[in-house]
Structure formats: C-alpha cells, structure tokens
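Report on the following structure.
Numbering (our numbering), first residue to last: 211 to 468.
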C-alpha cells in the first residue's frame, strides 16, 4: 500500500512539473542560464556537518537542475564550479572539490549521453589534478557529438584572467598581422574568450543571499538579467528555477534601447 502511495505521489509530482514546464514554454525561455552555486559550506555548517558534506549535497542539485534545464529547453547551462580564488580554501576542501567531477561524471555521464547533453569546460586546465582533468575530458569526448543542452562547467575559472589572456592573444595576433586595430569589435574580442561560440547568458542565478559576481563572466554578463536568492545551493530545487525563469519572463530587455 505504501509503495502504491509513493508511486502515486511521484506520478503526481511529475505531472505537475510537466504542466509547469509547458506553461513556462508559452513565454521565451532563457537560452543561456549561468549559475553561481553558492552556500554549500553554510548549508553544512547549519547542520554541524563538515563543509565537504555541503559540496557533496550540492553535486546532487547539479544533477537535478541539469535535468530540469534540459526539459525546459535551455540551450546552455553554465555552472561556476570552482574559481581561481577557490584555491585559497583549506587543502582538505580543495582536494574534495577536485574529486567531485570524477564522482559526478562517473555516475551521471550515461544519462548525459542518453539525454543528448554536451559537456564543456572553461577555465585554466594547466594546474588541475590529472584525475580531475581526465574525468572532465572523458565526458567532453563522450558527448562531443551531442547537440542538445550544453552543460558548461567553469572550472578553475576567473573572468579577469580570461579577459587578460584574451587581450594578450589579440596583441599577439595584431603583431603577427592576423588582425588590425580597425577590425577589433566587441564580437571579434568575444571570440578570444573562453565562451567563444556560445551566446552570452540571458539569465544569471546566484544562491545563498550574496549579491556580487565574484569574478564570474564579467564581459559576458553585460546585459544579462540577474536573479538572486537567499536559498543555499543544496536547497535549490526546480521550484526556485521556475521562479527565476518567471521573473526573467516578466522583465523587458531593451539592451540600452527604448
């Protein structure tokens, strides 16, 4: 009897979620959603758990949010997984975070392949541990032919470093005669960034009550809609995602016009 009740509840929740998705699709869906996943440590501390427990719980949310974004029709989902500043954290925490991609992609990769999701990564790969990079590159290679949702992990990523590196490449190409000053437009400069080939985010979501960008996609977020919530990342769910999209759909995006 309890099994039947549980099945009914799951079916009911699934039906309600599908109805919500269909309703949202009647209005424009943000093609590119970027998320600063914040609050894992605080979530754990509130429960007198080690900070790494919050990161592990947050990994489960990544899975749920990816599924939901895919069903909703989002084209690109960029997740701020590890910043260039996060190396300052305690070694135990950093080591745990470096192992998460291996665990996450090890269990979730078959579903990503089946659901036509393409995995990408932006960030400095050079100082990532070999096992971390191997797990990510395996997922990238296994999903490279997929043409559905792009799941883009910002790993060892910092926007200032990204922009500075792009400037260096522009200067090098200018000296080599590949490009001259008159050809340098915003579109051309964007092609030197790590998001080359992606549209800029339409919607930025940040959890945990912090209201700042934390060196995340500073160039790309110039005209994105921002949505901040006090909800800690491990508590973030489909309903919160829906709320963010609903707010996005109510805003008028004029891009400097009238």
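Beta carbons are placed, not taken as given, at the ideal position from N, Cα and C, and that holds for glycine.
Host beta strand (DSSP E) of residue i (start-end)
{"i": "residue 243", "result": "242 to 246"}
{"i": "residue 342", "result": "Residue 342 -> not in any beta strand (DSSP E); alpha helix (DSSP H) instead, spanning 340 to 352."}
{"i": "residue 284", "result": "Careful: residue 284 lies outside any beta strand (DSSP E) and carries neither H nor E."}
Which residues DSSP lists as bridging residue i, in chain order
{"i": "residue 437", "result": "415"}
{"i": "residue 363", "result": "289 and 331"}
Distance CB(residue i)-CB(residue j) smaller than 8 angstroms
{"i": "residue 164", "j": "residue 243", "result": "The first residue shown for the chain is 211 and the last is 468, placing residue 164 beyond what the model contains."}
{"i": "residue 325", "j": "residue 358", "result": "yes"}
{"i": "residue 342", "j": "residue 300", "result": "no"}
{"i": "residue 227", "j": "residue 448", "result": "yes"}
{"i": "residue 444", "j": "residue 251", "result": "no"}
{"i": "residue 307", "j": "residue 349", "result": "no"}
{"i": "residue 438", "j": "residue 275", "result": "no"}
{"i": "residue 279", "j": "residue 319", "result": "no"}
{"i": "residue 399", "j": "residue 376", "result": "yes"}
Residue span of the alpha helix (DSSP H) that contains residue i, given as start and end
{"i": "residue 252", "result": "250 to 256"}
{"i": "residue 460", "result": "448 to 460"}
Beta-carbon separation (whole angstroms), residue i vs residue j, contact threshold 8 angstroms
{"i": "residue 248", "j": "residue 417", "result": "5 angstroms"}
{"i": "residue 290", "j": "residue 239", "result": "Rounded, the Cβ-Cβ distance is 21 angstroms, inconsistent with contact."}
{"i": "residue 271", "j": "residue 446", "result": "5 angstroms"}
{"i": "residue 442", "j": "residue 369", "result": "Not a contact, Cβ separation roughly 23 angstroms."}
{"i": "residue 329", "j": "residue 322", "result": "6 angstroms"}
Near the ligand NAP: residue i beta-carbon under 7 angstroms from a heavy atom
{"i": "residue 298", "result": "Of the ligands one can find in the structure shown there are none, so the ligand NAP has no counterpart to examine."}
- Item | Those runs of the beta strand (DSSP E) which lie wholly inside the stretch 372 to 419 and span at least 3 residues | 413 to 416
- Query: Where in the stretch 262 to 322 do unbroken runs of the beta strand (DSSP E), each at least 3 residues long, occur, reported from the N-terminal end onward?
  - Reply: 286 to 293
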